[in-house]
């Protein structure tokens, strides 16, 4: 993963191992839940935001940075085993409706 960041390593290791197992089954593409927690406020600290404005601002902040961290980590972990990833929560029609 080219990083020593503990959160990235902790999240990418099981994904890498899972990708290896999936590839051994002959599967070429997986559907991912990347972005769901950021989009719908699924992390515990989202529940502590004082109002809907701050909740929205934090959600937007997390989504703006998602491609720099979580999506990159997922792509590298899966690409190591030549798997394609489909992110269900990045479908344009879904994002437009929210």
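In my numbering, the protein residues as written are 1326 to 1423.
Where is the CB? At the ideal position from N, CA and C, for every residue including glycine.
In terms of DSSP beta bridges, what is residue 1412 paired with? 1357
Check whether the region 1328–1339 touches the region 1381–1400, taking contact to mean three or more Cβ pairs, one atom from each stretch, closer than 8 Å. yes
Compute the distance between the beta-carbons of residue 1336 and residue 1403, then report whether it is under 8 Å. no
Using 8 Å as the threshold, is the C-beta distance between residue 1373 and residue 1408 below it? no
If you reduce the DSSP assignment to three classes, tell me which class residue 1389 lands in. helix
Take residue 1387 and list the residues in its own chain whose beta-carbon comes closer than 7 Å to its own, dropping the five residues that flank it on each side. 1363
Cβ neighbour criterion (16 or more within 10 Å) applied to residue 1360: buried
Extent of the continuous alpha helix (DSSP H) run through residue 1403: 1395–1404
Classify residue 1391: buried if its beta carbon has 16 or more other beta carbons within 10 angstroms, exposed otherwise. buried
Hey, would you say residue 1476 sits closer than 8 Å to residue 1357, going by beta carbons? What is shown of the chain runs 1326 to 1423, which leaves residue 1476 out entirely.
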